[in-house]
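To keep things clear, I will list the structure first and then write my remarks on it.
Protein chains: 2
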Amino acid sequence: MRKKPAPRPTDAELAILRVLWKLGASTVREVHEVLNKTRPTGYTTALKLMQIMHEKGLISRDESARAHVYRTSLPEGQTQQSLVRDLLDRAFGGSAQQLVMRALQAKKTSPEELAEIRQLIEELEAKNREDSK
Amino acid sequence: MRKKPAPRPTDAELAILRVLWKLGASTVREVHEVLNKTRPTGYTTALKLMQIMHEKGLISRDESARAHVYRTSLPEGQTQQSLVRDLLDRAFGGSAQQLVMRALQAKKTSPEELAEIRQLIEELEAKNREDSK
DNA sequence: AACTATATACGAAGATATTCGTAGTTGTCA
DNA sequence: TGACAACTACGAATATCTTCGTATATAGTT
Chain X
592 MRKKPAPRPT
602 DAELAILRVL
612 WKLGASTVRE
622 VHEVLNKTRP
632 TGYTTALKLM
642 QIMHEKGLIS
652 RDESARAHVY
662 RTSLPEGQTQ
672 QSLVRDLLDR
682 AFGGSAQQLV
692 MRALQAKKTS
702 PEELAEIRQL
712 IEELEAKNRE
722 DSK
Chain D
592 MRKKPAPRPT
602 DAELAILRVL
612 WKLGASTVRE
622 VHEVLNKTRP
632 TGYTTALKLM
642 QIMHEKGLIS
652 RDESARAHVY
662 RTSLPEGQTQ
672 QSLVRDLLDR
682 AFGGSAQQLV
692 MRALQAKKTS
702 PEELAEIRQL
712 IEELEAKNRE
722 DSK
């Protein structure tokens with residue numbers, strides 16, 4: 592008896608998740624106020640979406656107060672990981688290398704960020720050498 | 592009077608694009624035969640999808656033969672780039688660094704691939720130093 | 001010429017995603 | 001307490017995605 596994995600969030604759902612990760616546990620109103628700035632929609636639209644996300648298990652809620660308080664079910668990094676893995680499979684035949692290449696070409700990356708990435712890679716390479724001993 | 596950019600392909604559409612990139616220009620039957628192995632569906636499903644993709648501008652077709660021959664409108668790399676950029680914006684706040692990190696964690700990458708990525712990064716870093724002179 | 005195999009076109013069903021209006025409930029405050 | 005503001009629940013309209021059945025056309029074969 593295993594629990595179903597959370598389904599891939601849709602575009603609108605991901606927008607809400609991003610707000611919740613940023614703000615932490617929040618009410619519908621708080622989420623709506625943030626979203627409304629960049630993408631004007633009605634309050635009940637946000638409400639309905641969050642109710643659906645709750646049904647799907649993407650978010651959980653605390654109903655003890657009149658205004659329910661919602662929080663994400665999974666940490667940001669874990670969801671990002673899933674999304675990347677999904678894109679990897681759907682568009683890159685599973686090749687992380689190709690995806691990384693495209694990502695670095697798709698957007699200018701600051702020298703500091705490049706250095707961090709290089710460091711991560713060097714760590715992975717060191718780990719490989721370690722393992723093969 | 593500018594042409595509309597090709598919309599983001601849906602899951603089923605991307606699966607078809609992948610076959611077309613792999614095989615090159617192909618008929619519906621050829622595409623369907625490949626897809627049918629991994630995801631059994633009817634022939635007319637593939638046909639309909641490809642007709643819609645043609646309307647959207649995702650693929651073009653040569654109607655001179657009885658069996659139309661379809662080809663992708665954009666090269667694989669360009670579409671991959673768009674998809675990565677899209678995910679970057681929707682889930683990573685535009686941070687390529689974060690996305691790369693997640694990609695490398697999401698999937699084991701071979702030492703050879705890691706080396707290639709490292710090389711790309713070193714090239715980008717060299718280019719940065721060059722530019723800042 | 002009739003039959004068969006293989007095409008395309010098209011409509012439509014069913015599922016999912018997104019949007020919002022309306023109804024009804026609850027807390028606040030003058 | 002009565003009016004108002006804010007909240008949830010719910011139904012439904014609209015759009016999009018995915019699937020397939022049916023109608024029709026065309027090429028090849030006997």
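Just so you know, the sequences run in chain order X and D.
Position one of the first sequence corresponds to residue 592 (our numbering), numbered consecutively onward.
Position one of the second sequence corresponds to residue 592 (our numbering), numbered consecutively onward.
Glycine is no exception: its CB is placed at the ideal position from the N, C-alpha and C atoms.
Cross-chain neighbours of residue i in chain X, by beta carbon under 7 Å
i: Asp602 (chain D); result: Arg681
Proximal residues of chain D, C-beta to C-beta of residue i below 8 Å
i: Arg709 (chain X); result: Arg709, Ile712, Glu713, Glu716
i: Pro702 (chain X); result: Glu716, Asn719
i: Gln672 (chain X); result: Arg693, Gln696, Ala697
i: Leu678 (chain X); result: Leu674, Val675, Leu678
Proximal residues of chain D, C-beta to C-beta of residue i below 7 Å
i: Val675 (chain X); result: Leu690, Arg693, Ala694, Ala697
i: Leu705 (chain X); result: Ile712, Leu715, Glu716
Residue from the options with nearest C-alpha to residue i
i: Tyr634 (chain X); options: X:Gln642, X:Ile643, X:Thr670, X:His623; result: X:His623
i: Leu715 (chain X); options: D:Gly648, D:Leu715, D:Lys698; result: D:Lys698
i: Gln672 (chain X); options: D:Val691, D:Leu626, D:Leu711, D:Leu638; result: D:Val691
i: Ala682 (chain D); options: X:Pro600, X:Pro596, X:Leu705; result: X:Pro600
i: Ala694 (chain X); options: D:Thr700, D:Ser686, D:Gln696, D:Ser701; result: D:Ser686
Compile a chain-ordered list of the residues in the segment 688-700 of chain X whose CB is closer than 9 Å to at least one CB of chain D. Residues Gln688, Gln689, Leu690, Val691, Met692, Arg693, Ala694, Leu695, Gln696, Ala697, Lys698, Lys699, Thr700.
Between the segment 610-625 of chain D and the segment 659-678 of chain D, do at least 3 Cβ pairs fall closer than 8 Å? In short, these stretches touch, since the Cβ pair count reaches three.
Below 8 Å, can you find three or more Cβ-Cβ pairs linking the segment 601-610 of chain D to the segment 714-721 of chain D? No: fewer than three Cβ pairs fall under 8 Å.
Do three or more CB pairs link the segment 626-642 of chain D to the segment 708-719 of chain X at distances below 8 Å? No: fewer than three Cβ pairs fall under 8 Å.
Return the chain-ordered ranges of every beta strand (DSSP E) run that is complete within the segment 647-723 of chain D and spans a minimum of 3 residues. The segment 647-723 of chain D contains these whole beta strand (DSSP E) runs: 650-653, 660-663.
Examine the Cβ distances between the segment 647-657 of chain X and the segment 642-651 of chain D and report whether three or more of them are shorter than 8 Å. Counting Cβ pairs under 8 Å, fewer than three are found: no touch.
Contacting positions in the segment 602-617 of chain D - beta carbon closer than 8 Å to chain X: Residues passing the 8 Å Cβ filter: Asp602, Leu605, Ala606, Arg609.
Given a limit of 8 Å on CB to CB distance, which residues of the segment 642-672 of chain X reach chain D? Taking 8 Å as the Cβ-Cβ cut-off against chain D, the residues of the segment 642-672 of chain X that qualify are Gly668, Thr670, Gln671, Gln672.
Residues of the segment 622-634 of chain X with a CB closer than 9 Å to any CB of chain D: list them in chain order, please. Residues are counted here when their Cβ sits less than 9 Å from a Cβ of chain D; for the segment 622-634 of chain X the count is zero.
Minimum length 4: unbroken alpha helix (DSSP H) runs contained in the segment 592-640 of chain X: Taking only runs of at least 4 residues, the alpha helix (DSSP H) segments lying wholly in the segment 592-640 of chain X are 602-614, 619-629.
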